[in-house]
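Worksheet for the structure shown next.
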Amino acid sequence: MLRALLTLWLLAACATLTRAETVVFTDVNVVPMDRERVIPRTTVIVTDGVISSIGIKAKLPPGTPVIDGKGAWLAPGLADMHNHVTTREDLSLLLANGVTTMLNMGEATNGFAGRTRIAVNAGKVPGPQIFTALAVDGSPLYGHLVIATPEDARAIVGIAKANGYSFVKVYTNLSAEVFAALAEEAKAQGIGVVGHNAKAVGLAKQLAAGQSMVAHVEEFFYGFFPEPPADDQQAPPEDARIADAIALVKAHGAFVTSDLFNYQTIAAQFGKPEVVKAYLAVPEARYLSPGDRIGWAHSGYQKKAVDLSRRVAFEARFVKAMADAGVPLITGGDAPTIPGQIPGFALHEEIDAMLAAGLTPWQALSAATRTPGEFIARTVPRAAKFGVVAPGYRADLLLVAENPLAKPAALRAPIGVMAGGRWHDAAALKAMLADLEARRVVP
13 MLRALLTLWL LAACATLTRA ETVVFTDVNV VPMDRERVIP RTTVIVTDGV
63 ISSIGIKAKL PPGTPVIDGK GAWLAPGLAD MHNHVTTRED LSLLLANGVT
113 TMLNMGEATN GFAGRTRIAV NAGKVPGPQI FTALAVDGSP LYGHLVIATP
163 EDARAIVGIA KANGYSFVKV YTNLSAEVFA ALAEEAKAQG IGVVGHNAKA
213 VGLAKQLAAG QSMVAHVEEF FYGFFPEPPA DDQQAPPEDA RIADAIALVK
263 AHGAFVTSDL FNYQTIAAQF GKPEVVKAYL AVPEARYLSP GDRIGWAHSG
313 YQKKAVDLSR RVAFEARFVK AMADAGVPLI TGGDAPTIPG QIPGFALHEE
363 IDAMLAAGLT PWQALSAATR TPGEFIARTV PRAAKFGVVA PGYRADLLLV
413 AENPLAKPAA LRAPIGVMAG GRWHDAAALK AMLADLEARR VVP
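In my numbering, the protein residues as written are 13 to 455.
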């Protein structure tokens, strides 16, 4: 009933409000995410895309849009801090799922990293706030820019910065001298270094050199924990080593992408083409592009017979231990490049995976809101603040029917989403999905 009443009111007002307008949420329960609490039945005023006040009943000009939030909860929008989204269609898919910030971690086309990113971040095109990372690797090529010398590394940092990238993402084959030059130049130019374990360097040295984020929890398998026995290559590390990994991350103030659901989907499809077929048959797969559907169907994972079940279980314990120790976790995966990872929907699956691993709703929701905001504040200090419902923060908001700290599943069905001050009610979000489905013909 609440959803129906709010939707009817919003339809009468306007399904999508422009960014420049003042919008007022009244009588709404706020989940600010600055700490574990709820501010009951208060007023939130948004002006020019920024939260201007909470709890102040200001006199407003006639005709100011007012959203009656009685019985609803207002939380920060969600952040997907590791995806490979490169199209406006997938931006709509993210937005419809309550994602208001994203970090593209490679494969962004010039058009997306340049024109689309700029248009969306300026509020001219609907979508989540976009940050991008330029992916680089050593030889052999893994589908990214190859940098073979320290001179290449220094040059690529300048190219990334000049083209609006916020980060350089490192891959596994960089040499030690190239990584050192890249990290040094990135620090000098004020651009962040994120990514994988570089085999010739190792995570301990990478974090010490200034890498601010580990892109997947499983990178610790390859770049920190001892190698498994030769006769049991998929054996998990001993749990006793978890404390050492936590100490390393905390010593350098690094962030870690939780990546539980992504690793689980990869593990489930190894040697099992029927699993990939099942991924393609879920209802949400109708929103995938034809290219992604073809890519999933021909993915190499299904051609390898590997049992990662023990590592999957270890990773869940590892993430739980990191959360309890105060390691800053952020949510993300590999959507849409990995079969099973559908943009937007995958983030909700990641939150569920964190809860299944034993994290509290506060811990899981922090990883999807507040902590990504802290990560960007530290690495891209000129960016607008986000991730918390507070004055001065970007108006990225998610209105839901139940308290997400008590029922995180409420995040899956937003009453409305505000991205940078632009409001989209449930009808507008539904229309986005319907339009996307109509244009993405299944081959």
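Ideal Cβ placement from N, Cα and C applies to all residues, glycine included.
In the DSSP assignment, R53 falls within the unbroken beta strand (DSSP E) covering 51–59. Shown here, V213 sits in coil according to DSSP, grouped into three states, outside any helix or strand.
Distances from the CA of V213 to each of G204, A195, A200 were compared; the closest alpha carbon is that of A195. For P88, the enclosing beta strand (DSSP E) covers residues 85–88. Under the Cβ criterion (8 Å, minimum of three pairs), the stretch 268–276 counts as touching the stretch 352–372.
The C-alpha of F330 lies about 15 Å from the C-alpha of A227. The beta carbon of E189 sits closer than 7 Å to those of P162, all from its chain and outside the five residues before and after it, given in chain order. For G235, the secondary structure class from DSSP, reduced to helix, strand or coil, is helix.
Taking C-beta atoms as the reference points, D102 and P355 count as a pair closer than 8 Å. C-alpha of A395 to C-alpha of M45: approximately 19 Å in a straight line. If you keep only unbroken beta strand (DSSP E) runs of at least 3 residues inside the stretch 298–359, you get nothing at all. The three-state secondary structure of V158, taken from DSSP, is strand. Going by DSSP, Q375 is part of no beta strand (DSSP E) but of the alpha helix (DSSP H) stretching over 373–380. Relative to the Cα of T391, the nearest Cα in the group V42, G202, R47 belongs to G202. Taking the C-beta atoms as reference points, A422 is found nearer than 8 Å to A413. Scanning its chain for C-beta atoms nearer than 8 Å, with the 5 sequence neighbours on each side dropped, one finds around P420 the residues I363, D364, L367, P373, A376, L377, in chain order.
Between the alpha carbons of A263 and Y291 lies a distance of about 39 Å. With a cutoff of 8 Å on beta-carbon distance, A266 and L341 are scored as not near each other. Proximity of the stretch 60–74 to the stretch 83–91 falls short of the contact definition, fewer than three beta-carbon pairs being nearer than 8 Å.
Between the beta-carbon of F179 and that of V158 there is about 18 Å, and that puts the pair past the 8 Å contact cut.
Under DSSP, no beta-bridge partner is assigned to G75. The Cβ neighbour count for K316, taken over all protein chains shown within 10 Å, is under 16; the residue is labelled exposed. Annotation note: the stretch 231–289 contains the following uninterrupted beta strand (DSSP E) runs of length 3 or greater, listed N- to C-terminal: 267–269.
R47 and T184 have their C-alpha atoms roughly 37 Å apart. Straight-line spacing of the CA atoms in L417 and A242 works out to 44 Å. Using a 10 angstroms sphere on the CB of L186, the tally of other CB atoms reaches 16 or more, which defines it as buried.
Its Cα nearest to that of F237, the residue R323 stands out among R323, N175, V182. T121 is positioned such that its CB atom lies no closer than 8 Å to that of P140. Between the alpha carbons of F387 and A347 lies a gap of roughly 20 Å. Taking the C-beta atoms as reference points, T98 is found no nearer than 8 Å to L72.
Assignment of F191 by DSSP, reduced to helix, strand and coil, places it in the helix class.
Inter-residue distance for H208 and K181 is about 8 Å (C-alpha atoms, whole angstroms). The three-state reading of DSSP puts N116 in strand, counting E and B together. For the pair L107 and H94, the CB atoms are not nearer than the 8 Å cut-off.
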